[in-house]
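First the structure, in the form of structure tokens, and then the observations on it.
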Amino acid sequence: MDRKHYVLVHGACHGAWCWYKLKPLLESAGHKVTVLDLAASGINMKRIEDVVTFSEYSEPLLQLLATLAQNEKIVLVGHSLGGLSIALAMDKFPEKVAVAVFLTAVIPDTEHKPSYVLEKVCFSS
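Residue numbering for the sequence shown follows the working numbering, starting at 3 and increasing by one per position.
Here it is in structure tokens:
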């Protein structure tokens, strides 16, 4: 079997705990699974008031990718707001990501400003 390393990234108002059903299923199939709490989420003790940038919010994920072996590639799964964190991780560590899964997740638009969709939906006539 082709053993994979899955890194599961939670969405807004969640923590690593949200993967409690999926993690053991993947592990029982022989895969390695890493779940983590992003800044000010789950058991991460950082206060949300102290998180200034999205990079700071995603820091636990970015640190994990920085510590992976040079030739290790992961399957990166992001749910909801976790989509932005995995997109940032893919941008900073493209050589570490075999595939990314955006599970009902935010997918960033790299061509337009962040308010583009809102402007099209709410303010176009």
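Cβ coordinates follow ideal geometry from the N, Cα and C atoms, glycine included. Small disclaimer: the values here were computed from a predicted structure and weren't measured.
Can you give the beta carbon distance from residue i to residue j, rounded, assuming they're within the 8 Å contact cut?
i           : j           : result
residue 98  : residue 75  : 6 Å
residue 18  : residue 52  : That belief does not hold up - the Cβ atoms of residue 18 and residue 52 are roughly 20 Å apart, past 8 Å.
residue 105 : residue 79  : 6 Å
residue 92  : residue 102 : 6 Å
Spell out the partners DSSP gives residue i in its beta bridges.
i           : result
residue 8   : 35, 77
residue 60  : Partner(s): none; residue 60 has no beta bridge.
residue 108 : Its beta-bridge partners do not exist; DSSP assigns none.
residue 82  : 107
residue 102 : 78
How would you label residue i, buried or exposed, when you count the other beta carbons within 10 angstroms and need 16 or more for buried?
i           : result
residue 21  : buried
residue 118 : exposed
residue 81  : buried
residue 153 : The structure shown does not extend to residue 153, since the chain is modelled only from 3 to 127, so the question has no answer here.
residue 13  : buried
residue 67  : buried
residue 57  : exposed
residue 54  : exposed
residue 41  : buried
residue 123 : exposed
**Prompt:** So, do the segment 57-64 and the segment 76-91 have three or more beta carbon pairs nearer to each other than 8 Å?
**Reply:** yes
**Request:** Report yes or no: do three or more beta-carbon pairs, one from the segment 28-35 and one from the segment 3-12, lie closer than 8 Å?
**Result:** yes
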